[in-house]
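Residue numbering for the sequence shown follows my numbering, starting at -14 and increasing by one per position.
Built from N, CA and C at the ideal position, the CB exists for glycine as well.
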Amino acid sequence: MKKQLILLGKYTFIRMSRRGSILHTRTHWLLLGLALLCSLVLFMYLLECAPQTDGNASLPGVVGENYGKEYYQALLQEQEEHYQTRATSLKRQIAQLKQELQEMSEKMKSLQERKNIGANGIGYQGSKEQAPSDLLEFLHSQIDKAEVSTGAKLPSEYGVIPFESFTLMKVFQLEMGLTRHPEEKPVRKDKRDELTDVIEAGLEVINNPDEDDEQEDEEGPLGEKLIFNENDFIEGYYRTERDKGTQYELFFKKADLMEYRHVTLFRPFGPLMKVKSEMIDITRSIINIIVPLAERTEAFAQFMQNFRDVCIHQDKRIHLTVVYFGKEGLSKVKSILESVASESNFHNYTLVSLNEEFNRGRGLNVGARAWDKGEVLMFFCDVDIFFSAEFLNSCRLNAEPGKKVFYPVVFSLYNPAIVYANQDAPPPVEQQLVHKKDSGFWRDFGFGMTCQYRSDFLTIGGFDMEVKGWGGEDVHLYRKYLHGDLIVIRTPVPGLFHLWHEKHCADELTPEQYRMCIQSKAMNEASHSHLGMMVFREEIEMHLHKQAYRTNSEAVG
-14 MKKQLILLGK YTFIRMSRRG SILHTRTHWL LLGLALLCSL VLFMYLLECA
36 PQTDGNASLP GVVGENYGKE YYQALLQEQE EHYQTRATSL KRQIAQLKQE
86 LQEMSEKMKS LQERKNIGAN GIGYQGSKEQ APSDLLEFLH SQIDKAEVST
136 GAKLPSEYGV IPFESFTLMK VFQLEMGLTR HPEEKPVRKD KRDELTDVIE
186 AGLEVINNPD EDDEQEDEEG PLGEKLIFNE NDFIEGYYRT ERDKGTQYEL
236 FFKKADLMEY RHVTLFRPFG PLMKVKSEMI DITRSIINII VPLAERTEAF
286 AQFMQNFRDV CIHQDKRIHL TVVYFGKEGL SKVKSILESV ASESNFHNYT
336 LVSLNEEFNR GRGLNVGARA WDKGEVLMFF CDVDIFFSAE FLNSCRLNAE
386 PGKKVFYPVV FSLYNPAIVY ANQDAPPPVE QQLVHKKDSG FWRDFGFGMT
436 CQYRSDFLTI GGFDMEVKGW GGEDVHLYRK YLHGDLIVIR TPVPGLFHLW
486 HEKHCADELT PEQYRMCIQS KAMNEASHSH LGMMVFREEI EMHLHKQAYR
536 TNSEAVG
């Protein structure tokens, strides 16, 4: 037995020695091959870097010319620059080859990961690079981080990411880009394709709902399944948080139905993900329009004409609260309200009289508390505002008690006397309501027009009466919502206009205040191009006069 163990040990040692010898031989040839390869690369590099000579060129000193030291220094410098240029080119080629090699490696790795995912199934719990469940978890975390389901606390109004609004044909945008058009058809193809895909995705969600969607299957007049199409799309809003993704709020409605379909989508820098799909019934949603007022009875008469057409004849779910300051003009306001009430059989209004100096925040506070019928949606409005029935529905769709407040961006019209200076007289107000860069601008610095529920307004404390100065109370209330947990919907809307009215800069103002007042007046007076035409009017007239004189001279000659 002992001999057999000795023989076995010798046999094992001999086999290991042979294996070691073979391995040593292979290593030797491998090193030799690498050395030859390196020598070949070095030889090719030397050939590449060697100076190229021209057989027909004469050498310095051969033709009898005297070459100084400067000539040889210039020649050396030229050769050195040639070598440096060539070396830089080689380094760049090597870097490109490395990059291509890295890209190929990543592609191979990606293909291998896909192969592993297909083999292991959707529930595979591997590494983060391989498991699709981790990818889905990441995408959902993007939704959780974004301001989709809950509001984000922001330091000021400068931190708000506003929405852009769109319909099937047009986009209403704050960021107007090079075109400077507040309303336009999507010019860029990627934007057109994006909005088309979003609407199609929203229709897919509605027409093929999941079990967890808050909607019921509806039937048509013949009992068939109700199918929505792109013609049922009413309006949409979108905004992009650059580090998370793009949020889309879509609203659909059949012409013969009262309910709206609301779909929220989110693109976390990847495929669209459904956040929710719900049915919104606004048929019983009453809006309490609160208007603070002092004098300006003619503007109020014009406001009531629009109110009669939109609120009484079309919407029919409105209560009007007018808070009037002072005694002068109060009887005229009462007469206008009574006239509208008798003509249209409308009695859903409240007139509150305050014998004190006008204060907009105070008036809206009083108007909100004058309502004693429980919860209600409020629209804080001014007498210079013109709105449509579509806007009132947007107000209902974008405000939710304890959840959302709506701060639409108003389109402010310029002075019609300047905009329509080439006409005999400005057209009627209804014909001035167009979104053109020479007719008005998005008043993105104004926060006075807002839709919010009474409970949210009272919970947050309403307007701060300690804030002094015109307009300051609006920004202060807006900031209080930004500092809270409610979602603030900030977007331009096509159905809300601020009508131009003359702005007076009082003599009592300080020089600095007066300068700021004049600047504000100029901003609201006309577009940049129209103001430029007014500033250079004499120069333009002189040019036209010279052109006419030159033309007449040539004709006579």
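Item, Value
"With 16 other CB atoms within 10 Å as the buried threshold, where does Val276 fall?", "buried"
"Give the list of continuous alpha helix (DSSP H) stretches no shorter than 4 residues that lie fully inside the segment 482 to 530.", "496 to 510, 513 to 520"
"At which residue ranges does the segment 402 to 482 contain complete beta strand (DSSP E) runs of 3 or more residues, listed in the order of the chain?", "425 to 427, 435 to 438"
"Hey, quick one: how far does the alpha helix (DSSP H) through Glu220 stretch, first residue to last?", "Segment 218 to 226 is the beta strand (DSSP E) holding Glu220; no alpha helix (DSSP H) there."
"What does DSSP give as the partner residues of Arg246 in its beta bridges?", "Phe237, Met264"
"Given a threshold of 16 other Cβ atoms within 10 Å of its Cβ, counted over all protein chains shown, does Asp449 qualify as buried or as exposed?", "exposed"
"Report the start-end ranges of each alpha helix (DSSP H) in the segment 288 to 366 that is 4 residues or longer and not cut off at the edges.", "315 to 329, 345 to 355"
"With a CB to CB cut of under 8 Å and the five nearest residues on each side skipped, what residues in its chain are close to His486?", "Ala284, Asp369"
"Please name the residue in Pro386, Gln299, Glu415 whose C-alpha comes closest to that of Asn378.", "Gln299"
"Excluding the 5 residues preceding and the 5 following Gly314 in the sequence, name in chain order all residues of the same chain whose CB lies nearer than 6 Å to its CB.", "Glu280, Thr282"
"Three-state secondary structure (DSSP) at Tyr392?", "strand"
"Straight-line CA distance for Thr536 to His528?", "12 Å"
"I believe Phe543 touches Ile184 by the beta-carbon criterion, under 8 Å. Please report the beta-carbon distance rounded to the nearest angstrom.", "Any answer about residue 543 is impossible in this case: the structure gives the chain only from -14 up to 542."
"Which residue marks the beginning of the beta strand (DSSP E) containing Asn192, and which one marks its end?", "First-last for Asn192: 174 to 192, but that is the alpha helix (DSSP H), not the beta strand (DSSP E)."
"Considering Cα atoms alone, identify which of Lys170, Glu341, Phe364 is closest to Leu349.", "Phe364"
"If contacts are defined as beta-carbon pairs under 8 Å, then Met289 and Val325 qualify, I think. What distance do you get, rounded to the angstrom?", "6 Å"
"Phe151: which of Thr476, Gly230, His483 sits nearest, CA to CA?", "Thr476"
"From Ile271 to Met519, what distance separates their C-alpha atoms?", "46 Å"
"Where do the ends of the beta strand (DSSP E) carrying Ser150 lie?", "149 to 151"
"Counting along the chain, where does the alpha helix (DSSP H) carrying Leu278 start and finish?", "No alpha helix (DSSP H) holds Leu278; the beta strand (DSSP E) holding it covers 272 to 278."
"Between the segment 224 to 239 and the segment 249 to 262, can you find at least three pairs of beta-carbon atoms closer than 8 Å?", "yes"
"Just the Cα atoms here: how many angstroms apart are Arg293 and Asn407?", "32 Å"
"Would you tell me roughly how many angstroms separate the C-alpha atoms of Lys261 and Asp195, rounded to the nearest one?", "10 Å"
"Per DSSP, what kind of secondary structure is Lys170 in: helix, strand or coil?", "coil"
"Compare the Cα-Cα distances from Val361 to each of Gly221, Tyr499, Tyr438 and report the closest residue.", "Tyr438"
"Are at least three pairs of beta-carbons, each pair with one atom in the segment 118 to 135 and one in the segment 243 to 251, less than 8 Å apart?", "yes"
"Taking the continuous alpha helix (DSSP H) assigned at Phe371, which residues delimit it?", "That residue, Phe371, is in no alpha helix (DSSP H); its beta strand (DSSP E) goes 370 to 372."
"How would you call Ala533, buried or exposed, if buried means at least 16 neighbouring beta carbons within 10 angstroms?", "exposed"
"Checking 8 Å against the spacing of the C-beta atoms, do Tyr466 and Val390 come in under that value?", "yes"
"Would a C-beta distance cut-off of 8 Å place Glu375 and Gly480 closer than the cut-off?", "yes"
"Can the beta-carbon of Asn447 be found less than 8 Å from the beta-carbon of Ala353?", "It is Gly, not Asn, that sits at residue 447 in the sequence shown. In contact: Gly447 and Ala353 (Cβ atoms closer than 8 Å)."
"Just checking, does the segment 218 to 225 make contact with the segment 144 to 158 on the three C-beta pairs under 8 Å criterion?", "yes"
"Thinking just about the alpha-carbon of each residue, which of Trp356, Phe237, Tyr233 is nearest to the one in Asn273?", "Trp356"
"Distance, Cα to Cα, Glu323 vs Ser397?", "30 Å"
"Could you tell me the distance, in whole angstroms, from the CA atom of His471 to the CA atom of Leu139?", "The residue you asked about is not His; residue 471 is Leu in the sequence shown. When rounded, the distance between both Cα atoms is 11 Å."
"What does DSSP give as the partner residue(s) for Gln232 in the beta ladder?", "Arg224, Phe251"
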